[in-house]
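K.L.:
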Amino acid sequence: MLVHLRRARDHADRHYTESLDLETLAGVAGISKYHFQRLFTATYGISPAAYLSQRRVERAQDLLRSTNLTVTEVCHAVGFSSLGSFSSRFRELVGETPSEFQRRWAATGAPRIPGCFVFMWGLAERRGCASQEKPQAAAGS
1 MLVHLRRARD HADRHYTESL DLETLAGVAG ISKYHFQRLF TATYGISPAA YLSQRRVERA
61 QDLLRSTNLT VTEVCHAVGF SSLGSFSSRF RELVGETPSE FQRRWAATGA PRIPGCFVFM
121 WGLAERRGCA SQEKPQAAAG S
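When we follow UniProt numbering, the leftmost residue of the sequence shown carries the number 1, and every step to the right adds one.
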């Protein structure tokens, strides 16, 4: 059963920016959503929803530390749909608001990656497969 739970946890790790619900994660694990909820919580000591939001906050910390994106842009980039729920969950886990966290790291003077590069890189990743397929199709014609 642990293999199935790991598969769902790994899926959440890879797709944390997407809208994932209990039914989707349970489907990845191949078990009912209520059984999945109980097993996941018993195994990892945290509910699937709490795990997902924790993963999103961890990624948000990375973006707030290393980019010049706004808190709102980071909120949406990591999969939260509400700035309020993002800010309250961030504060609950980190101990300070996203803005305070970002200001504290900005004060270190470390260079920051421009947000446009972050978004371009993300889009380039998604287009990678499509751009590889087009030349092959064109070569065949």
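A virtual CB, placed ideally from N, CA and C, is assigned to each residue, including glycine. For clarity, every value in this text was computed on a predicted model and none was experimentally measured.
For His4 and Val74, what's the separation of their Cα atoms in angstroms?
P.N.:
In the sequence shown, counting from the first residue as 1, residue 4 sits at position 4. In the sequence shown, counting from the first residue as 1, residue 74 sits at position 74. Looking at the two C-alpha atoms, the distance is approximately 31 angstroms.
K.L.:
Counting C-beta neighbours from all protein chains within 10 Å, is the total for Ala12 16 or more, i.e. buried, or is it exposed?
P.N.:
For the purposes of this step, residue 12 is taken as the residue at position 12 of the sequence shown. That one is buried.
K.L.:
Taking 8 angstroms as the limit between beta carbons, can you name the residues of its chain near Leu2, skipping five residues before and five after?
P.N.:
Translated into positions along the sequence shown, residue 2 becomes position 2. The answer, listed in chain order, is Thr43.
K.L.:
Pick from Leu64, Ser87 and Leu69: whose alpha carbon is nearest that of Arg104?
P.N.:
As a position in the sequence shown, residue 104 is number 104, starting the count at 1. Nearest of Leu64, Ser87 and Leu69 to Arg104, Cα basis: Leu64.
K.L.:
If you check the beta carbons only, do residue 148 and Thr17 fall under 9 angstroms apart?
P.N.:
Since the first residue of the chain shown is 1 and the last is 141, residue 148 is not available in this structure.
K.L.:
Quick check: the Cα distance between Pro48 and Ser19, rounded to an integer number of angstroms?
P.N.:
For the purposes of this step, residue 48 is taken as residue 48 along the sequence shown, with counting starting at 1. For the purposes of this step, residue 19 is taken as residue 19 along the sequence shown, with counting starting at 1. When rounded, the distance between both Cα atoms is 13 angstroms.
K.L.:
Using the beta-carbon count (16 or more within 10 Å), is Ala107 buried or exposed?
P.N.:
In the sequence shown, residue 107 corresponds to position 107, counting from 1. By the neighbour-count rule (16 or more Cβ atoms within 10 Å), Ala107 is not buried but exposed.
K.L.:
Apart from the five residues just before and just after Arg59, which ones in its own chain have a Cβ nearer than 6 angstroms to its Cβ?
P.N.:
Counting from 1 along the sequence shown, the entry for residue 59 is found at position 59. Cβ within range, chain order: Val78.
K.L.:
Could you say which of His76, Asp62, Ser82 and Gly45 lies nearest to Phe101 if we only look at CA atoms?
P.N.:
On the sequence shown, position 101 is the one that residue 101 refers to. Ranking the options by Cα distance to Phe101, first place goes to Asp62.
K.L.:
Flag this pair as yes or no: are the beta carbons of Phe36 and Ala50 separated by less than 9 angstroms?
P.N.:
In the sequence shown, the residue the question calls residue 36 occupies position 36. In the sequence shown, the residue the question calls residue 50 occupies position 50. No, these two residues do not count as a Cβ contact at 9 angstroms.
K.L.:
I'd like the ranges of any alpha helix (DSSP H) spanning at least 4 consecutive residues and lying wholly in the UniProt domain "HTH araC/xylS-type" (6 to 104).
P.N.:
22 to 29, 33 to 44, 48 to 66, 71 to 77 and 83 to 94
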